Amino acid sequence: MQKPSRGKFAAKSLAAAAAISLPFLGFAAPANADNGGTWDQLAECESGGNWNIDTGNGYSGGLQFSQSTWEAYGGSGNPANASREQQISVAENVLDGQGWGAWPACSSQLGLSGNAQPSGGSGEQAQQEQPAQQQQQSQQQQAPVEQPAEQSQPVQQQAEAAPQQAAPSGKTYTVAAGDTLSKIAQAHSVSGGWQALYEANAATIADPVLIYPGQQIVIP
Numbered sequence: 001m002q003k004p005s006r007g008k009f010a011a012k013s014l015a016a017a018a019a020i021s022l023p024f025l026g027f028a029a030p031a032n033a034d035n036g037g038t039w040d041q042l043a044e045c046e047s048g049g050n051w052n053i054d055t056g057n058g059y060s061g062g063l064q065f066s067q068s069t070w071e072a073y074g075g076s077g078n079p080a081n082a083s084r085e086q087q088i089s090v091a092e093n094v095l096d097g098q099g100w101g102a103w104p105a106c107s108s109q110l111g112l113s114g115n116a117q118p119s120g121g122s123g124e125q126a127q128q129e130q131p132a133q134q135q136q137q138s139q140q141q142q143a144p145v146e147q148p149a150e151q152s153q154p155v156q157q158q159a160e161a162a163p164q165q166a167a168p169s170g171k172t173y174t175v176a177a178g179d180t181l182s183k184i185a186q187a188h189s190v191s192g193g194w195q196a197l198y199e200a201n202a203a204t205i206a207d208p209v210l211i212y213p214g215q216q217i218v219i220p
């Protein structure tokens with residue numbers, strides 16, 4: 001009987017080693033996707049990163065949903081009782097319907113615009129029809145388009161054309177954690193939305209995206 005060559009033994013040994021190592025290859029690939037990083041940044045801005053917050057101001061959860069928006073886009077129960085993943089899933093539905101304008105102040109602060117899904121999200125996209133009231137609200141919250149400079153007009157004509165600023169109602173509101181001018185304007189039915197609220201408080205609010213808990217603002 002012919003004695004096997006050393007080369008054949010080496011080949012068999014390599015084949016056996018390869019067969020043993022193959023089952024473990026499936027466990028070696030690390031996950032390298034950013035799992036919801038953009039939503040985490042938005043939650044940090046909206047609620048200080050507290051996904052279970054509920055201050056009783058009409059908005060709750062890490063992304064500060066109103067109850068009507070939460071239910072309209074697939075949520076159930078109280079947003080503050082839902083998991084982070086469930087809140088992100090509903091938020092992606094809101095993003096498809098309203099765009100980043102649903103979170104006007106924080107999306108502006110983070111440089112988010114349009115309807116594009118953030119990289120690293122769960123990828124669930126529900127095609128739901130947007131209610132007419134929410135669509136109108138989204139259009140009001142969008143920043144006005146800057147118009148080209150026009151030729152200067154006489155002072156008297158400029159005075160006639162100047163819009164009348166809403167008179168203060170005499171009511172004030174104390175800013176709570178997670179509040180934005182848009183949310184406060186919606187909760188108090190301010191005519192003209194957050195822009196009117198900002199104009200009424202321009203003397204005390206330098207930047208419409210920066211308001212602080214405990215700050216007193218006038219409701220026009």
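Quick note: the sequence shown uses UniProt numbering, first residue 1, plus one each step.
Glycine included, every Cβ here is placed at the ideal spot set by N, Cα and C.
Fair warning: this is a prediction, and the values are worked out from it, not measured in the lab.
Backbone secondary structure at residue i - three-state DSSP
| i | result |
| --- | --- |
| Val209 | coil |
| Asn201 | coil |
| Gln215 | coil |
| Thr180 | coil |
| Asn93 | helix |
| Gly49 | coil |
| Ser189 | coil |
| Gly99 | helix |
| Leu42 | helix |
| Gly37 | helix |
| Ser113 | coil |
| Ala196 | helix |
| Ala105 | helix |
| Ala28 | Unreliable placement is indicated for Ala28, whose pLDDT of 33 sits below 50; no coordinate value is reported for it. |
For residue i, the nearest candidate out of the options (CA to CA)
| i | options | result |
| --- | --- | --- |
| Trp100 | Gln109, Gly114, Leu110 | Gly114 |
| Ser68 | Gly48, Ala102, Gly111 | Ala102 |
| Lys183 | Gln41, Ala43, Asp54, Ser66 | Ser66 |
| Thr38 | Cys106, Gly56, Ser83 | Cys106 |
| Thr204 | Gly192, Val218, Pro213, Asp179 | Val218 |
| residue 248 | Leu112, Gly170, Gly97 | As shown, the chain starts at 1 and ends at 220. That puts residue 248 outside it, with no answer to give. |
| Ser83 | Leu181, Ile53, Asp96 | Ile53 |
| Val190 | Asp96, Lys171, Leu95 | Lys171 |
| Gly49 | Pro208, Asp96, Gly36 | Gly36 |
| Gln109 | Ala80, Trp70, Asp207 | Asp207 |
| Cys45 | Gly192, Gly214, Asp179, Pro220 | Asp179 |
| Ala177 | Ala200, Gly214, Gly97, Pro220 | Gly214 |
| Ala80 | Gly56, Tyr212, Ala200 | Gly56 |
| Glu85 | Pro104, Asp40, Gly97, Gln98 | Asp40 |
| Val209 | Asn201, Pro104, Gln186, Ala185 | Pro104 |
| Trp70 | Val94, Trp51, Ser47 | Val94 |
| Ala202 | Ala187, Pro220, Ser47, Gln186 | Pro220 |
| Ile211 | Val175, Gly192, His188, Gln98 | Val175 |
Residues sharing a beta bridge with residue i, DSSP
| i | result |
| --- | --- |
| Thr174 | Gln216 |
Contact with chain D by residue i, beta-carbon distance below 8 Å
| i | result |
| --- | --- |
| Val209 | Of the protein chains in the structure, only one exists, and it is not chain D. |
Original post:
Using 8 Å as the Cβ pair cut-off and three pairs as the minimum, do the stretch 52-62 and the stretch 75-94 touch?
Top reply: Taking one beta carbon from each stretch, the stretch 52-62 and the stretch 75-94 have 3 or more pairs nearer than 8 Å; the two touch.
Subject >> Those runs of the alpha helix (DSSP H) which lie wholly inside the stretch 52-79 and span at least 4 residues >> reply: Fully enclosed alpha helix (DSSP H) runs of 4 or longer: 67-72.
Original post:
Just checking, does the stretch 65-75 make contact with the stretch 196-203 on the three C-beta pairs under 8 Å criterion?
Top reply: no
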